[in-house]
Amino acid sequence: MRVQIMLLFISLLSTESRAEDQAIKELFVKYDQVMLQKKLELVDDVFTKKFFSENGGRSGYLSRIKELRAPAGAATDLTWKKGVRKRIFFAQLKDKNSQDKTEQHPQFVIVSEDGKLKIDGTISDEN
Amino acid sequence: MRLLKLAILLCLNALPLPGHGQDCVDCSTEKLQLSIPRPDLPPWPLELIPIKNVVYDRNLEVSYCKRPVEMVDSIVLHHSASSDLSTSEELNDHHIEKNNWHMLGYSYVIHSPYQGGPGSTTVSAGRPLEMVGAHAGSTAFVKMNPGQSKLWESGRLVCGIEGSQFKVTPSELMNNQNIKANATTIGVVVVGNYSPFSRTNSTGYSPKYPRRPTGQTIDAIARLSCQLQKKYPLIQNIKWHNFYKDAKNGTACPGNIKNFIGDIKLKAKDFGCVFK
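Protein chains in written order, with the working numbering: chain A, 62 to 188; chain B, 96 to 371.
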């Protein structure tokens, strides 16, 4: 009985982890659609209201995205981890082809807003 | 000879000083300060910049290391790679959540708005100086000078969990006679992102308008660094995060701030401090 409960618990945890992994991947697919393909109608699904307010306002941020020139479909590595106590996530994108080891790769801070995972800010990758 | 000096001083003190008339009830202390230089006072006021104390949430299940502050010889500058509006508490929360650290990795947090931004420059205390920091990188090790070696051998660098007995733990701090850079440095972070905007850095600056630390930011870093040097004269260097990183573990931190280290050192001279 005890073994069955443990197995059920492990299975629940693994299902939750898979769902989170899927949600983060979907978020970054949308992120690339916004950043690279300039599908600006998706920005509210990608960034929180706080993100805009702390980064020059929504319209100011949109103009920064429009200026961004990046090769479409650039290969990136996406890694993420969950916060140790809260339901908060930290993700990092690294260009696979970049030779520049001093490029800035802060961690994206991801929180839930209106039932969706969204980027709330960034933080330096100190470790 | 000593008696003669004392007599001269007493005579000087007996003379009325300009602006100190008969209504001065007890002028002895004031006169004494004017006539005898006080060697215990620093040439500049110790408080060059006020430091706000913040009560931080701590992760009590995680160990940390303690050190004598005399181990420290360098200040390491960082940028938070976040918005300039992030609070110390948010950074603390993120360091705990992301890295499973005891608390915020930096010892000081400088909040300084970007050029033209609202608000003023303030400094908050972070991780206590007696606590080994978490900022220069877990793979960054440095050679100890003779004084630091002596302190290490004295067994005063200890690690443990809050409430337990702290012990000397070489595996936490040492690697082939070199010590973790975190043990000999103080982490100072400027809140903001001083690297260019890119797909991987979504809070960076527009390449059209490179973001630079403002005069107020430079002034605050210089004041804080100098204040630390006045209190701990062994602090002789101002370095930056990617100074401690190798090619494999590169970082852009502290972005454009790195280009202003010379200005910071020059400014610190105004307050009577010299950094290498």
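All C-beta atoms, glycine included, are put in the ideal place defined by N, C-alpha and C.
(request) Could you work out which residue in Leu154(A), Pro167(A) and Asn158(A) is closest to His190(B) when comparing CA atoms only? (result) Working through the second sequence from its first residue, we reach residue 190(B) at position 95. Ranking the options by Cα distance to His190(B), first place goes to Pro167(A).
(request) To the nearest angstrom, report how far apart Gly367(B) and Ala229(B) are at their CA atoms. (result) Taking the second sequence and counting its residues from 1, one reaches residue 367(B) at position 272. Taking the second sequence and counting its residues from 1, one reaches residue 229(B) at position 134. Approximately 29 angstroms, taken between the alpha carbons.
(request) Report yes or no: is there a C-beta of chain A within less than 7 angstroms of the C-beta of Leu180(B)? (result) Here residue 180(B) is taken as the residue at index 85 of the second sequence, counted from 1. Output row for Leu180(B): interface = yes.
(message) Only counting the same chain, and skipping five residues up and downstream in sequence, which positions put a Cβ closer than 8 angstroms to that of Asn240(B)?
(response) Position 145 of the second sequence holds residue 240(B). Correct list, in chain order: Asp168.
(message) When you compare the CB of Lys193(B) with every CB in chain A, is at least one pair closer than 7 angstroms?
(response) Along the second sequence, read from residue 1 onward, the residue named residue 193(B) stands at position 98. For Lys193(B), the answer is yes, since a Cβ of chain A falls inside 7 angstroms of its Cβ.
(request) From the DSSP output, in three-state form, read off Asn351(B) for me. (result) Walking along the second sequence from the start, residue 351(B) turns up at place 256. The three-state reading of DSSP puts Asn351(B) in helix, counting H, G and I together.
(message) Please determine whether the Cβ atom of Thr234(B) lies at a distance below 6 angstroms from any heavy atom of the ligand MN.
(response) The ligand MN is not among the ligands present in this structure, which contains no ligands whatsoever.
(message) Does chain B have any CB closer than 7 angstroms to the CB of Arg79(A)?
(response) Within the first sequence, numbered from 1, the residue matching residue 79(A) stands at position 18. Taking Cβ atoms only, chain B never reaches closer than 7 angstroms to Arg79(A), which makes this a no.
(request) Specify the secondary structure class of Gln83(A) as computed by DSSP and reduced to three states. (result) For the purposes of this step, residue 83(A) is taken as the residue at position 22 of the first sequence. Residue state, collapsed to three classes: helix.
(message) With H, G and I counted as helix, E and B as strand and the rest as coil, what does DSSP make of Gly121(A)?
(response) Stepping through the first sequence from its first residue, residue 121(A) is reached at position 60. In this structure, Gly121(A) counts as helix in the three-state DSSP scheme.
(message) Would Cys160(B) pass as an interface residue toward chain A - the criterion being a Cβ-Cβ separation below 7 angstroms?
(response) The count along the second sequence starts at 1 and reaches residue 160(B) at position 65. Not a single CB atom of chain A sits nearer than 7 angstroms to the CB of Cys160(B).
(message) Does Ala80(A) pass the burial test, meaning 16 or more other C-beta atoms within 10 Å, or should it be called exposed?
(response) Here residue 80(A) refers to the residue found at position 19 of the first sequence. It is exposed - the Cβ of Ala80(A) has fewer than 16 other Cβ atoms within 10 Å.
(message) Could you compute how far the alpha carbon of Val164(B) sits from the alpha carbon of Arg146(A)?
(response) Position 69 of the second sequence, counting from 1, holds the residue named residue 164(B). Position 85 of the first sequence, counting from 1, holds the residue named residue 146(A). Their Cα atoms are separated by approximately 31 angstroms.
(message) Which residue marks the beginning of the alpha helix (DSSP H) containing Gln243(B), and which one marks its end?
(response) In the second sequence, residue 243(B) corresponds to position 148, counting from 1. Start and end: Pro241 to Glu248.
(message) Using a Cβ-Cβ distance cut-off of 7 angstroms, determine whether Asn158(A) contacts chain B.
(response) For the purposes of this step, residue 158(A) is taken as the residue at position 97 of the first sequence. Put simply, the CB of Asn158(A) is far from chain B, with every gap to its CB atoms at 7 angstroms or more.
(message) Tell me which residues share the same chain as Phe112(A) and place their Cβ nearer than 7 angstroms to its Cβ, disregarding the 5 neighbours each side in the sequence.
(response) Position 51 of the first sequence holds residue 112(A). Cβ neighbours of Phe112(A) beyond the five flanking positions: Ile180, Asp181 and Gly182.
(request) Give the straight-line distance between the Cα atoms of Asn273(B) and Phe236(B), rounded to the nearest whole angstrom. (result) Here residue 273(B) refers to the residue found at position 178 of the second sequence. Here residue 236(B) refers to the residue found at position 141 of the second sequence. Just so you know, the alpha carbons of Asn273(B) and Phe236(B) end up roughly 6 angstroms apart.
(request) Alpha carbon to alpha carbon, how far is Thr109(A) from Val150(B)? Give it in angstroms, no decimals. (result) Here residue 150(B) is taken as the residue at index 55 of the second sequence, counted from 1. Here residue 109(A) is taken as the residue at index 48 of the first sequence, counted from 1. If I take the Cα positions, the gap works out to 27 angstroms.
(request) Compute the Euclidean distance between the alpha carbons of Lys371(B) and Gln324(B), then round it to the nearest angstrom. (result) Numbered from 1 along the second sequence, position 276 holds the residue referred to as residue 371(B). Numbered from 1 along the second sequence, position 229 holds the residue referred to as residue 324(B). One Cα belongs to Lys371(B), the other to Gln324(B), and the distance between them is close to 12 angstroms.
(request) Consider the Cβ of Leu136(B): report whether some Cβ of chain A lies at a distance smaller than 7 angstroms. (result) For the purposes of this step, residue 136(B) is identified with residue 41 of the second sequence, where counting begins at 1. Caution is warranted here: a pLDDT of 47 is assigned to Leu136(B), below 50, making its placement in the model unreliable, and the coordinate value is therefore given only provisionally. For Leu136(B), the answer is no, since every Cβ of chain A falls outside 7 angstroms of its Cβ.
(request) Please determine, among Ile313(B), Ser233(B) and Val286(B), the residue with the shortest C-alpha to C-alpha distance to Ser266(B). (result) In the second sequence, the residue the question calls residue 266(B) occupies position 171. Per the Cα distances, Ser233(B).
(message) Does the CB of Ser173(A) have a neighbour CB from chain B at under 7 angstroms?
(response) Taking the first residue of the first sequence as 1, we reach residue 173(A) at position 112. With 7 angstroms as the cut-off, Ser173(A) does not count as an interface residue toward chain B.
(message) Taking only three categories from DSSP, how would you classify Ile356(B)?
(response) By one-based count along the second sequence, residue 356(B) stands at place 261. Ile356(B) sits in a helix when the DSSP states are folded into three classes.
(message) For chain A, check one thing: does any of its Cβ atoms lie closer than 7 angstroms to the Cβ of Cys348(B)?
(response) For the purposes of this step, residue 348(B) is taken as residue 253 along the second sequence, with counting starting at 1. Closer than 7 angstroms to some Cβ of chain A, the Cβ of Cys348(B) qualifies, so yes.
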